[in-house]
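Engineer: Following this message is one structure expressed as structure tokens.
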Amino acid sequence: MGRVRSFESHVISRTTFGWNRQVEREIIDQGWSAWLDAQLDPGAITDAKVDRLLAGYQTLENSNWQNYVFADSTEDGWERLRMERAHATLLRAVYSRRQLHEVMVEFWTNHFCINLDESPADHMVTADNRTVARAHALGRFADLLSASAHSPAMLIYLDNFVSNANSGDGVNENYARELLELHSMGIVEGVQQYNEADMRGVARIMSGWSVNTNDGQHVFQYRSGYHWGGPVSILGGTFSTPGRTGTAGRQDGEALLEFLAHHDATAHHLAYKLCRRFVADDPPPGLVESAAAVYLDNDTAIAPVLRHILRSPEFAASVGAKVRRGFEVYTAYARALGGTIDADPLSDVSRYTHGYGWGLLDRLGQRLWGHVTPDGYPDTGPDWISADGLLRRWDMAGTATATWLEGWSFDAASLLQPQGPTVDSWLERVARRVLGTVTGYRTHGYGDVPTKAEDAVRWAKAKNVVTGVSGGRYRPGATITRGELVGMLWRTAGRPTGHPRHGCTDVPAALDGAVRWAKATGVMAPFPNRTFRPNAGVTRSLFATATWAQAGRPTGWGGHDCTDVPAGIENAVRWTVGCGWLLPVAEHTFRPNGALSRADATIALFHLHDTTATLLTPAERAACLALFTDVPRTGGQTVPQWLVDWKGHDLLTLLLSLPRSQHR
Amino acid sequence: MTAQPAHFSRRRFLVGAGASAAGALALPSLFPRYAFATPSQPSQADALVVVFLRGGADGLSLVPPFSDTTGYQALRGAGSANSIAVPAPNPSNPNAALDLGVTASGHSFGLHPAMTGLKAVWDAGDLAIVHAAGLPASESPTRSHFEATDYCERGSANLAVTDGWLARYLEAAGVTGGLPAISYDNGLAMSLRGERRAMAMSSIEDFTVGGFWDGDLGVDALSNVYTNATGDPFTQQGFDTLAAVGLVRDADPLQYDTNGGLYPTTGPGRWFAQGLREVAALLRADIGLRVACVDLDGWDHHDSMGTPTNGVTAQYAGGLSAALAAFRQDLGPLMNEVTVVTMSEFGRTIGVNGSGGTDHGRGGAMFVMGGNVNGGLYGNYPSGPLDDGPEGDLEVQNDLRRVLAEIVTKRGGLASAAPVFPGYTHAGDLGLLS
Chain X
102 MGRVRSFESH
112 VISRTTFGWN
122 RQVEREIIDQ
132 GWSAWLDAQL
142 DPGAITDAKV
152 DRLLAGYQTL
162 ENSNWQNYVF
172 ADSTEDGWER
182 LRMERAHATL
192 LRAVYSRRQL
202 HEVMVEFWTN
212 HFCINLDESP
222 ADHMVTADNR
232 TVARAHALGR
242 FADLLSASAH
252 SPAMLIYLDN
262 FVSNANSGDG
272 VNENYARELL
282 ELHSMGIVEG
292 VQQYNEADMR
302 GVARIMSGWS
312 VNTNDGQHVF
322 QYRSGYHWGG
332 PVSILGGTFS
342 TPGRTGTAGR
352 QDGEALLEFL
362 AHHDATAHHL
372 AYKLCRRFVA
382 DDPPPGLVES
392 AAAVYLDNDT
402 AIAPVLRHIL
412 RSPEFAASVG
422 AKVRRGFEVY
432 TAYARALGGT
442 IDADPLSDVS
452 RYTHGYGWGL
462 LDRLGQRLWG
472 HVTPDGYPDT
482 GPDWISADGL
492 LRRWDMAGTA
502 TATWLEGWSF
512 DAASLLQPQG
522 PTVDSWLERV
532 ARRVLGTVTG
542 YRTHGYGDVP
552 TKAEDAVRWA
562 KAKNVVTGVS
572 GGRYRPGATI
582 TRGELVGMLW
592 RTAGRPTGHP
602 RHGCTDVPAA
612 LDGAVRWAKA
622 TGVMAPFPNR
632 TFRPNAGVTR
642 SLFATATWAQ
652 AGRPTGWGGH
662 DCTDVPAGIE
672 NAVRWTVGCG
682 WLLPVAEHTF
692 RPNGALSRAD
702 ATIALFHLHD
712 TTATLLTPAE
722 RAACLALFTD
732 VPRTGGQTVP
742 QWLVDWKGHD
752 LLTLLLSLPR
762 SQHR
Chain S
16 MTAQPAHFSR
26 RRFLVGAGAS
36 AAGALALPSL
46 FPRYAFATPS
56 QPSQADALVV
66 VFLRGGADGL
76 SLVPPFSDTT
86 GYQALRGAGS
96 ANSIAVPAPN
106 PSNPNAALDL
116 GVTASGHSFG
126 LHPAMTGLKA
136 VWDAGDLAIV
146 HAAGLPASES
156 PTRSHFEATD
166 YCERGSANLA
176 VTDGWLARYL
186 EAAGVTGGLP
196 AISYDNGLAM
206 SLRGERRAMA
216 MSSIEDFTVG
226 GFWDGDLGVD
236 ALSNVYTNAT
246 GDPFTQQGFD
256 TLAAVGLVRD
266 ADPLQYDTNG
276 GLYPTTGPGR
286 WFAQGLREVA
296 ALLRADIGLR
306 VACVDLDGWD
316 HHDSMGTPTN
326 GVTAQYAGGL
336 SAALAAFRQD
346 LGPLMNEVTV
356 VTMSEFGRTI
366 GVNGSGGTDH
376 GRGGAMFVMG
386 GNVNGGLYGN
396 YPSGPLDDGP
406 EGDLEVQNDL
416 RRVLAEIVTK
426 RGGLASAAPV
436 FPGYTHAGDL
446 GLLS
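Keeping their order, the protein sequence lines are chains X and S. Residue numbering for the first sequence is 102 to 765, as defined by my numbering. Residue numbering for the second sequence is 16 to 449, as defined by my numbering.
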């Protein structure tokens with residue numbers, strides 16, 4: 102029971118593309134350990150929303166040649182091909198339930214970075230991503246490395262397709278160098294375990310790994326005529342080839358890739374990068390070492406390495422130590438706001454997001470497939486902390502919280518709903534809805550709770566404020582009874598005892614203390630004929646007066662525009678509308694005699710009472726209040742709708758711009 | 016530093032160029048400690064503009080040692096379909112090198128034919144060239160772009176040196192007021208890492224806090240959480256950024272035109288050109304800029320470098336040259352207080368590879384441009400024929416730090432370059448600068 106501990110927030114911030122309400126509920130309900138295990142087995146997680154969003158996409162599953170034909174023969178074909186690739190990646194990052202899988206797809210896409218922006222081979226990137234990073238994100242690294250080495254897009258990007266050992270000018274070293282330096286053995290903190298001669302040996306071994314660029318093909322092709330025919334020995338003789346010719350020469354490269362995947366240096370390099378991604382910019386050396394051992398012990402399987410890292414004390418100790426990169430800023434904003442991104446790859450929002458040179462991701466420094474050099478986007482804080490970087494993040498927050506971008510929408514009214522008696526408490530409430538770091542209670546177990554009441558019922562159950570009816574049902578639509586309400590109010594008040602007898606004849610023993618308290622404090626009065634009528638329904642009028650009385654009958658609240666409020670409950674309605682606990686049902690209509698459902702009563706009480714924890718730091722609160730310095734009497738004043746309309750956008754922008762929103 | 020020639024002071028130049036008297040008078044009171052150049056204290060230090068040619072620029076294409084007798088033409092595939100050789104100077108051949116009229120160790124040098132802009136700077140005596148430059152292989156044997164770039168920008172191959180050479184320069188120079196350094200990019204250049212007042216800027220227009228409906232209140236709000244008191248580098252950067260944004264906004268650098276400088280607007284040099292154009296505007300706006308880093312990316316030409324007049328090398332060389340020439344025109348007399356230097360992480364192999372490109376090599380060419388430059392070719396160059404041996408490239412003959420050390424002492428106001436380049440012993444000035 103109780104609030105999410107910071108560890109769950111930490112797990113969410115590192116293993117997903119940002120907090121949102123859904124992942125918070127999943128991790129609370131399953132427990133972080135079981136949730137993590139489930140995330141490491143993404144095939145068992147259904148992802149219906151993503152499936153639905155991508156249902157109309159035409160190029161994601163195509164071969165290179167199919168995509169070439171598509172791009173060349175379809176109106177806007179080239180643009181659609183590129184945009185489907187980028188937009189699908191974005192939609193999956195924001196909406197997939199397989200969050201850790203998507204995080205690892207991004208990790209490997211960046212590890213095997215390709216940029217073919219102005220190349221005629223650009224259409225090959227789609228299949229590369231599907232068959233390399235996406236196919237093996239949590240599988241064996243040996244398979245990943247092999248898939249990349251056979252990928253036409255990679256062989257073209259790093260020039261290996263033209264590397265011809267038998268031409269007068271010799272092999273092209275580009276791919277071999279990056280295969281060693283970036284893809285496998287690496288250079289970690291200046292330590293390099295191979296030399297130039299080894300690199301040239303690798304270039305010879307890999308010569309002939311090429312691409313068939315004929316019509317109908319665009320596939321991997323081993324060109325034996327390009328292959329170096331002599332024997333090669335590298336890395337101090339630990340790997341050598343006999344000098345095969347003909348089609349058998351391809352075996353040299355296949356064996357080399359398997360050898361490299363299992364090399365100590367590769368294990369260390371990958372463990373270092375994974376720890377840098379998931380733990381800290383300067384990864385703890387002990388953890389790197391143990392993660393490398395796990396990698397080798399598991400035949401290069403990636404999931405066990407992640408499990409090891411994410412369950413380590415070093416991981417637990419690294420809260421808030423990483424700075425979000427540009428793409429993570431975008432996804433985190435979108436997820437925190439709970440918004441909807443138009444899935445059409447040629448929609449305004451898609452173009453505005455992925456545009457080359459001016460799109461939002463480019464401006465955040467991380468356009469998808471936009472990193473020109475093969476080392477991929479950097480992964481340490483100093484690479485992302487710059488004046489321009491911050492300005493773009495703040496800009497992006499203002500764009501995300503606005504409504505002008507067609508194809509992007511979010512429920513601002515719900516996030517900004519003016520609940521809480523004062524501006525101070527409203528800020529706290531909005532901050533929790535957007536930043537989400539401490540809200541949330543474990544699941545209630547009822548099967549019939551609507552989304553709007555989910556958090557409230559979790560709170561009510563966790564706090565033992567109310568219980569269900571029977572058979573695992575909450576009966577949210579049923580009118581709340583006087584007996585239920587008096588019990589709930591008494592429990593939110595802390596079950597005070599010691600009040601005089603109530604004198605009613607129809608009160609069950611369980612409610613005795615509650616009714617004594619209600620009568621003594623005037624929160625809910627019995628009827629004159631010594632009855633309390635615990636089974637009678639509660640009207641909106643009664644709820645307003647009871648909660649108002651419990652709050653100490655505050656006066657001086659701003660007006661409401663309802664024309665159906667009797668004078669006797671005027672102050673109570675002013676307070677409840679002003680605070681937002683219970684709002685008018687329609688224009689000018691409070692409907693005092695209307696019945697109140699169990700769900701609505703629970704929501705109102707949740708908003709009224711769940712204000713104990715403070716999320717915002719004093720400096721953050723001061724920052725928020727600085728937005729209101731041109732409003733007379735802020736802080737303690739009520740929050741009318743005009744204030745929400747006037748300040749809501751900038752408040753959300755500020756919350757997304759806080760330093761805490763830029764870390765993960 | 017005793018016999019300083021008379022220079023235009025920046026402020027005098029500004030007033031002379033018609034900047035508003037109010038603006039010119041207001042600035043000193045804003046930055047009282049800004050000891051750049053005043054009439055009573057003539058130019059203590061130039062602004063340094065550091066151009067990094069990322070990817071490994073081919074010095075043998077930019078400054079070809081064109082003589083056939085040294086093997087250049089043959090190694091570059093002259094006469095073959097893969098040729099990337101720049102022919103010897105010939106007025107009737109548009110592919111031919113622009114003759115610099117200098118020799119070293121038996122080699123004759125020219126400029127790439129696309130570099131007519133820099134040729135004019137050379138002819139005016141404001142361009143110095145150091146060939147076969149880089150970090151010596153004894154210290155930096157790597158041919159990795161990322162490692163070599165990192166070493167160049169930190170000014171050391173020693174990983175214990177964690178900040179950038181320009182950050183150490185600014186610290187040693189004791190620069191205080193204004194906006195001392197910018198990196199014209201999304202992120203801060205490694206060479207400026209460690210100097211928190213250095214700002215990354217993707218454009219002057221975008222150097223603004225733009226997310227809020229009420230921008231002034233938004234800045235006030237951010238100032239509550241982005242303070243200089245938390246010790247968190249991210250938060251500190253926000254604080255410094257808010258201050259710099261206000262400074263640039265008040266100075267309004269985009270009010271200055273380009274003084275007839277024709278910056279290229281197409282081709283691979285266009286963003287680089289825009290960067291130089293905005294650096295010129297910031298220099299004219301007189302807000303204390305001492306260092307600007309501007310990159311020209313994309314020199315990793317492993318294949319299809321093309322002929323001298325048609326191909327990727329021609330586009331890059333032409334873009335570099337045209338932008339630098341426009342920058343010089345733009346600044347006019349202010350160029351007497353500015354020194355520009357170009358560098359790259361390494362040069363490329365001498366021989367053309369099977370794909371009509373070149374692979375990672377060692378020595379490359381550096382350009383130094385400015386009003387105080389003694390035009391000419393400097394430094395050592397290997398004697399005898401080019402050797403396409405096992406390593407197949409131009410060995411580094413001139414430590415790039417030798418060039419930079421001369422700049423930071425002769426034009427940067429330092430008495431010694433030792434604090435800037437720890438572990439490096441200066442071999443003496445080449446005489447590039449007066």
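We put the beta carbon where it would ideally sit given N, CA and C, even for glycine. All figures in this text were calculated on a predicted structure; none of them were measured in a lab.
Name the two residues that bound the continuous alpha helix (DSSP H) containing C308 of chain S.
Structural biologist: C308 of chain S -> not in any alpha helix (DSSP H); beta strand (DSSP E) instead, spanning V306 to L311.
Engineer: Give the C-beta separation of V124 of chain X and Q200 of chain X to the nearest angstrom, bearing in mind that I take them to be a contact with Cβ-Cβ under 8 Å.
Structural biologist: 6 Å
Engineer: Kindly indicate the opening and closing residues of the alpha helix (DSSP H) around H146 of chain S.
Structural biologist: Element bounds for H146 of chain S: not the alpha helix (DSSP H) but the beta strand (DSSP E), L142 to G149.
Engineer: Taking the runs of the beta strand (DSSP E) that are 3 residues or longer, which of them lie wholly in the segment 56 to 103 of chain S?
Structural biologist: 62 to 68
Engineer: Whose Cβ in chain X lies nearer than 9 Å to the Cβ of D235 of chain S?
Structural biologist: A724, A727, L728 and T730
Engineer: Please decide whether N265 of chain X counts as near chain S, where near means a Cβ-Cβ distance under 7 Å.
Structural biologist: yes
Engineer: Looking only at its chain, what residues have a beta carbon closer than 7 Å to the beta carbon of P693 of chain X, apart from the 5 residues adjacent to it on each side?
Structural biologist: T640, R641, S642, D665, V666, P667 and I670
Engineer: Could you compute how far the alpha carbon of D235 of chain S sits from the alpha carbon of L728 of chain X?
Structural biologist: 8 Å
Engineer: Determine contact between the segment 541 to 556 of chain X and the segment 678 to 686 of chain X, defined as no fewer than three beta-carbon pairs at a distance below 8 Å.
Structural biologist: no
Engineer: Spell out whether any CB of chain X is found under 7 Å from the CB atom of G179 of chain S.
Structural biologist: no
Engineer: According to DSSP, is P54 of chain S helix, strand or coil?
Structural biologist: The predicted position of P54 of chain S is uncertain, since its pLDDT is 34 and thus under 50; a value taken from the coordinates is nonetheless stated next. In this structure, P54 of chain S counts as coil in the three-state DSSP scheme.
Engineer: Looking at the structure shown, is L517 of chain X part of a helix, part of a strand, or coil, going by DSSP?
Structural biologist: In the structure shown, L517 of chain X adopts coil according to DSSP, grouped into three states.
Engineer: If contact means a Cβ-Cβ distance below 8 Å, which residues of the segment 191 to 225 of chain S contact chain X?
Structural biologist: S198, D200, N201, G202, L203, R208, M214, A215, M216, S217, D221, F222, T223, V224 and G225
Engineer: Is T367 of chain X close to chain S, meaning its C-beta is less than 7 Å from at least one C-beta of that chain?
Structural biologist: no
Engineer: Taking 7 Å as the threshold (beta carbon to beta carbon), is L68 of chain S in contact with chain X?
Structural biologist: No, L68 of chain S lies away from the interface with chain X (no Cβ there is under 7 Å from its Cβ).
Engineer: Quick one: list the residues of chain S neighbouring I288 of chain X, beta-carbon separation under 9 Å, in chain order.
Structural biologist: T157, S159, F161 and E162
Engineer: Between N325 of chain S and chain X, is the shortest Cβ-Cβ distance under 7 Å, so that the two count as touching?
Structural biologist: no
Engineer: In chain S, which residues lie with their C-beta within 8 Å of the C-beta of L759 of chain X?
Structural biologist: V240
Engineer: Would you list, in sequence order, the uninterrupted beta strand (DSSP E) runs of no fewer than 3 residues that lie entirely inside the segment 189 to 258 of chain S?
Structural biologist: 196 to 198 and 213 to 215
Engineer: Rounded to whole angstroms, what's the CA-CA distance from T210 of chain X to A687 of chain X? Just pull it up for me.
Structural biologist: 51 Å
Engineer: Skipping 5 residues on each side, what residues in its chain have a beta carbon closer than 6 Å to that of V745 of chain X?
Structural biologist: L517 and P519
Engineer: For E410 of chain S and G362 of chain S, I'd like the C-alpha separation in whole angstroms.
Structural biologist: 9 Å
Engineer: Of all the options S:P437, S:L291 and S:V294, which has the alpha carbon lying nearest to the alpha carbon of A167 of chain S?
Structural biologist: Sequence check: residue 167 of chain S is Cys here, not Ala. Considering only alpha carbons, the answer is S:P437.
Engineer: Could you tell me which residues DSSP puts in a beta bridge with Y393 of chain S?
Structural biologist: S:V145
Engineer: From the DSSP output, in three-state form, read off H111 of chain X for me.
Structural biologist: helix
Engineer: Can you round the beta-carbon distance between L259 of chain X and E290 of chain X to whole angstroms, since I take them to be within the 8 Å contact cut?
Structural biologist: At roughly 24 Å, the Cβ-Cβ gap does not stay under 8 Å, so L259 of chain X and E290 of chain X are not in contact.
Engineer: Chain X partners of F361 of chain S, CB-CB under 7 Å?
Structural biologist: By Cβ distance, chain X contributes nothing, its closest Cβ being about 12 Å from F361 of chain S, past 7 Å.
Engineer: Compute the Euclidean distance between the alpha carbons of A368 of chain X and A362 of chain X, then round it to the nearest angstrom.
Structural biologist: The straight-line gap separating the alpha-carbon atoms of A368 of chain X and A362 of chain X is approximately 8 Å.
Engineer: How many Å lie between A62 of chain S and S218 of chain S at the Cα?
Structural biologist: 19 Å
Engineer: Do you know how far the Cα of P253 of chain X is from the Cα of H455 of chain X?
Structural biologist: 24 Å
Engineer: Applying a beta-carbon distance threshold of less than 9 Å, which residues of chain X neighbour V294 of chain S?
Structural biologist: Taking a Cβ-Cβ threshold of 9 Å, none of the residues of chain X is close to V294 of chain S; the smallest such distance is about 15 Å.
Engineer: If you pair each beta-carbon of the segment 321 to 335 of chain S with each one of the segment 116 to 136 of chain S, do three or more pairs fall below 8 Å?
Structural biologist: yes
Engineer: Just mark F633 of chain X as buried or exposed, buried being the case when its beta carbon has 16 or more other beta carbons within 10 Å.
Structural biologist: Buried.
Engineer: For P80 of chain S, which option in S:H317, S:G399 and S:E186 has the closest C-alpha, if you only look at C-alpha atoms?
Structural biologist: Between P80 of chain S and the set S:H317, S:G399 and S:E186, the nearest pair of CA atoms involves S:G399.
Engineer: Run through chain X and tell me which residues come within less than 7 Å of N97 of chain S, C-beta to C-beta.
Structural biologist: D270
Engineer: Note the first and the last residue of the continuous alpha helix (DSSP H) segment covering V383 of chain S.
Structural biologist: Where V383 of chain S is concerned, there is no enclosing alpha helix (DSSP H), although the beta strand (DSSP E) it sits in stretches over G379 to G385.
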